[in-house]
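There are 2 protein chains.
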Amino acid sequence: MDNEHHHHHHHQNPAPQFRDLPAVPSDGTPITIDVWRGDLIESQHAVHGAVIDSHGGVVAAWGDFEAPIYGRSAIKPLLALLLVESGAADQYKLSDREIALACASHNGEPGHVDTVKAWLGNVGLTVDDLECGPQAPSYEPALRAMYEAHEGPTRARNNCSGKHTGFLTAAKHLGFPTKGYIQYEHPLQQRLLGILEQMSGFSLTGVPRGVDGCGIPTIAFPIGHHAFAMAQLADPHHLPEARADACRRIAKAMTAEPWYVAGTNRYCTKLMEVTGAKAAIKTGAEGVYMGALPEHGLGICIKVADGAGRASEVAMGAVLRHLGVIDEAAEAKLHATLEPEIKITGRIAPGTEARF
Amino acid sequence: MDNEHHHHHHHQNPAPQFRDLPAVPSDGTPITIDVWRGDLIESQHAVHGAVIDSHGGVVAAWGDFEAPIYGRSAIKPLLALLLVESGAADQYKLSDREIALACASHNGEPGHVDTVKAWLGNVGLTVDDLECGPQAPSYEPALRAMYEAHEGPTRARNNCSGKHTGFLTAAKHLGFPTKGYIQYEHPLQQRLLGILEQMSGFSLTGVPRGVDGCGIPTIAFPIGHHAFAMAQLADPHHLPEARADACRRIAKAMTAEPWYVAGTNRYCTKLMEVTGAKAAIKTGAEGVYMGALPEHGLGICIKVADGAGRASEVAMGAVLRHLGVIDEAAEAKLHATLEPEIKITGRIAPGTEARF
Numbered sequence: 001m002d003n004e005h006h007h008h009h010h011h012q013n014p015a016p017q018f019r020d021l022p023a024v025p026s027d028g029t030p031i032t033i034d035v036w037r038g039d040l041i042e043s044q045h046a047v048h049g050a051v052i053d054s055h056g057g058v059v060a061a062w063g064d065f066e067a068p069i070y071g072r073s074a075i076k077p078l079l080a081l082l083l084v085e086s087g088a089a090d091q092y093k094l095s096d097r098e099i100a101l102a103c104a105s106h107n108g109e110p111g112h113v114d115t116v117k118a119w120l121g122n123v124g125l126t127v128d129d130l131e132c133g134p135q136a137p138s139y140e141p142a143l144r145a146m147y148e149a150h151e152g153p154t155r156a157r158n159n160c161s162g163k164h165t166g167f168l169t170a171a172k173h174l175g176f177p178t179k180g181y182i183q184y185e186h187p188l189q190q191r192l193l194g195i196l197e198q199m200s201g202f203s204l205t206g207v208p209r210g211v212d213g214c215g216i217p218t219i220a221f222p223i224g225h226h227a228f229a230m231a232q233l234a235d236p237h238h239l240p241e242a243r244a245d246a247c248r249r250i251a252k253a254m255t256a257e258p259w260y261v262a263g264t265n266r267y268c269t270k271l272m273e274v275t276g277a278k279a280a281i282k283t284g285a286e287g288v289y290m291g292a293l294p295e296h297g298l299g300i301c302i303k304v305a306d307g308a309g310r311a312s313e314v315a316m317g318a319v320l321r322h323l324g325v326i327d328e329a330a331e332a333k334l335h336a337t338l339e340p341e342i343k344i345t346g347r348i349a350p351g352t353e354a355r356f
Numbered sequence: 357m358d359n360e361h362h363h364h365h366h367h368q369n370p371a372p373q374f375r376d377l378p379a380v381p382s383d384g385t386p387i388t389i390d391v392w393r394g395d396l397i398e399s400q401h402a403v404h405g406a407v408i409d410s411h412g413g414v415v416a417a418w419g420d421f422e423a424p425i426y427g428r429s430a431i432k433p434l435l436a437l438l439l440v441e442s443g444a445a446d447q448y449k450l451s452d453r454e455i456a457l458a459c460a461s462h463n464g465e466p467g468h469v470d471t472v473k474a475w476l477g478n479v480g481l482t483v484d485d486l487e488c489g490p491q492a493p494s495y496e497p498a499l500r501a502m503y504e505a506h507e508g509p510t511r512a513r514n515n516c517s518g519k520h521t522g523f524l525t526a527a528k529h530l531g532f533p534t535k536g537y538i539q540y541e542h543p544l545q546q547r548l549l550g551i552l553e554q555m556s557g558f559s560l561t562g563v564p565r566g567v568d569g570c571g572i573p574t575i576a577f578p579i580g581h582h583a584f585a586m587a588q589l590a591d592p593h594h595l596p597e598a599r600a601d602a603c604r605r606i607a608k609a610m611t612a613e614p615w616y617v618a619g620t621n622r623y624c625t626k627l628m629e630v631t632g633a634k635a636a637i638k639t640g641a642e643g644v645y646m647g648a649l650p651e652h653g654l655g656i657c658i659k660v661a662d663g664a665g666r667a668s669e670v671a672m673g674a675v676l677r678h679l680g681v682i683d684e685a686a687e688a689k690l691h692a693t694l695e696p697e698i699k700i701t702g703r704i705a706p707g708t709e710a711r712f
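Take a look at the structure:
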């Protein structure tokens, strides 16, 4: 073998690569994501997950899909059910943009931040009512603009600020105190727990719990039950009418306004811009990714064992291709997105672990 | 069990935690790093590694320590040997600070950047001679200051700029062209390959290779051989005098000027400030960490299988404690560093995968 010639091709690019979307195993083993650099697999990730239908049937599974996980931000579409089904979204005449923001881990770009602030004003509240902490934008141009204007991290800029505004809106509508809404014992959080329990089909009493990055409770239940919850969001015909309508409205809002779910250059935004109404997908910290497929009546939940966001994106792409949600035409359009290079000569590229 | 009372303790803090430095296995299995959130192990990392003495004896090993890896920036102390043993460091009267910078993956703070620029001027070169790409500081206050001054990423700010300045200095001293010094075929890189081969005791012909983040070649050889190279750096009495002197000088420079090896709040800087001359440690991208222990005559190399920097830091701490380099007094001083919380309500904390 002519080593020098063979090597030259790989050596033009200092960035690691995921070489082609991996095929997903059909034997129940975890999905393996290989991170290449030149001639070597430099690192590897193992991904566990499941695809469940709205009757609870297991369509596909990888690794230990019964393991409990924290869904993190990937469950935001489920948490948004209260905002919609309670009538709060209607009372305040929320559009798809606000509902998408309620499901968002956004970039902190001006469009996100300004829409959150206007929404707060619309419901008679301010940024001081938000109980998520101050955060800087994760999108570099927005970060730069913030510093150049001599400004700093704010609660409205927090990537979860849309979710929190949704919580406040629901609390107001339901007559709950707005203060302390992030506490486990607050009626809002307890109501959300009930929704998660019904959607997941899993009893949430006595299960492991913790505190999420933005201060709200996070509760653990199996990967497969997270996927089932998303399957019900995708195909809610079993559910009471108000909840079923809310499920459809949330999936529609996410897929109609994908930029508001994440932002510029973000993986889920780029995917949903191409796949349209077929897939409402949402990322979560520690390598979680979930999706609701309305046309297929399926729910997806994957979890990277080591928590890496870069691997969860590639794995979600592989699963969507496996299910035919990403067809050849979509794959051609999304090529650069589906086989991401992690830029390492500058700031961490969007879509890596910086996201919730 | 009183769940509410039990949970309250864990639930005050939204950050994940590494609960206590893990004990390292004594049965050859990988070191497992558990990432906790509340009541659940949310993610896990597997760490492979070895501790080797200067005769090549295996003192301790975890997982597959014969697996080939790219050492990434963790081999910078070995690459700095050419700068010193060639006489270049003496010709240009380099201090411990420049030698530490030659080994550095620095934060891009003004002290780092200004020292690099002054060094370049000292050898009759400029930032335009650097062939690493432009980069922004990874240390948030330095990043903020850069933006507030309406400046941007530069080559001098690149975290590898000290290493590259060391390369340029050696090239000038040896009469090599300075142009193209990052290319595999350049005499400088070929000379470095020879040094790595001798120090590692591993033939580097026909092995996997790639391009590192800053554009220089990266070459793969086993974890254990990386550790052996560091053992020789730690205890170079077998080596020819010029190289042995260079080994001692590099270890001394790193441990005397730890801030110049990394920077403010960085894990290795904080560790070396406490452990002093006992441990010259260096991080590398994709979860690599290496160390030379002069008083023990040992070398360490660990590699996190999934590439996570957060796990490599915890694992290095565990190994150093296992070897007695971190004693009780040092552990008390380093408590917050050894059991890091990853701050997730703001920018990524120093020490995570953003580093080379």
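So the protein lines, in turn, are chains A and B.
Each residue of the first sequence is one higher than the one before, counting from 1 in the numbering used here.
Each residue of the second sequence is one higher than the one before, counting from 357 in the numbering used here.
All residues carry an ideal CB built from backbone N, CA and C; glycine is no exception.
Of the residues the options, the one placed nearest residue i, counting alpha carbons only
i: B:V670; options: B:G566, B:A692 and B:L595; result: B:A692
i: A:G162; options: A:K278, A:S54, A:G133 and A:G324; result: A:G133
i: A:A285; options: A:A311, A:E257, A:A329 and A:V274; result: A:A311
i: B:R677; options: B:A635, B:G653 and B:A661; result: B:A635
i: A:S73; options: A:A171, A:V211 and A:A156; result: A:V211
i: B:A416; options: B:P424, B:G405, B:A423 and B:S410; result: B:G405
i: A:R157; options: A:G166, A:E148 and A:S138; result: A:S138
i: B:K473; options: B:G522, B:V644 and B:T631; result: B:G522
i: A:E295; options: A:I326, A:N265, A:G263 and A:Q44; result: A:I326
i: B:Q588; options: B:I575, B:G557 and B:P578; result: B:G557
i: A:T264; options: A:L143, A:S54 and A:L323; result: A:L143
i: A:G57; options: A:H45, A:A229, A:I195 and A:W36; result: A:A229
i: B:I658; options: B:E504, B:A379, B:P578 and B:W475; result: B:P578
i: A:L40; options: B:V563, B:I551 and B:G580; result: B:V563
Within chain E, partners of residue i - CB distance below 7 Å
i: B:Y503; result: Protein chains A and B are contained in the structure displayed, whereas chain E is not.
Under the three-state DSSP convention, the category residue i falls into
i: A:A171; result: helix
i: B:R547; result: helix
i: A:R97; result: helix
i: A:G299; result: strand
i: A:D34; result: strand
i: B:T482; result: coil
i: A:A318; result: helix
i: A:V211; result: strand
i: A:T115; result: helix
i: A:A336; result: helix
i: B:I575; result: strand
i: B:T521; result: helix
i: A:L323; result: coil
i: B:G707; result: Caution is warranted here: a pLDDT of 30 is assigned to B:G707, below 50, making its placement in the model unreliable, and the coordinate value is therefore given only provisionally. If DSSP states are grouped into helix, strand and coil, B:G707 belongs with coil.
Beta-carbon neighbours of residue i, restricted to chain A and to distances below 9 Å
i: B:D395; result: V207, P208, R209, G210 and A220
i: B:P493; result: Near B:P493 there are no residues of chain A at all, since even the closest Cβ is about 10 Å away, more than 9 Å.
Residues near residue i by beta carbon distance below 6 Å, same chain, minus five either side
i: A:L125; result: L168
i: B:D452; result: A609, A612 and E613
Cβ-based neighbour list, residue i, same chain, cut-off 7 Å, excluding 5 preceding and 5 following
i: B:P592; result: R599, A600, C603 and R604
i: B:C459; result: K432, P433, A436, I606, M610, V617 and K638
i: A:E197; result: S203 and L204
i: B:P381; result: I387 and W418
i: B:R547; result: L438
Chain B residues whose Cβ lies nearer than 8 Å to that of residue i
i: A:G287; result: S399
i: A:Y181; result: In chain order: nothing, as chain B lies at least about 15 Å away.
Interface residues of chain A facing residue i [CB-CB closer than 7 Å]
i: B:A661; result: S43 and Q44
i: B:V391; result: G307
Proximal residues of chain B, C-beta to C-beta of residue i below 9 Å
i: A:V113; result: Those do not exist, as A:V113 stays about 16 Å from chain B at its closest Cβ, beyond 9 Å.
Contacts around residue i, its chain only, beta-carbon distance under 8 Å, and the 5 residues preceding and following it disregarded
i: A:H173; result: S86, G87, A88, Q91 and Y92
i: A:T178; result: L125, D129, L168, A171 and K172
i: A:G152; result: P134, A136 and M146
i: B:G571; result: E487, C488, G489 and I538
i: B:V403; result: P386, I387, T388, I389, W418, G419, G643, I658, K659, V660, A661, A667, S668 and A671
Chain A contact residues for residue i, given Cβ-Cβ distances below 8 Å
i: B:P424; result: L40
Which full runs of the beta strand (DSSP E) of 3+ residues lie inside the segment 225-290 of chain A, going along the chain? 280-284
Which whole runs of the alpha helix (DSSP H) in the segment 39-87 of chain A are 4 residues long or more, in chain order? 76-85
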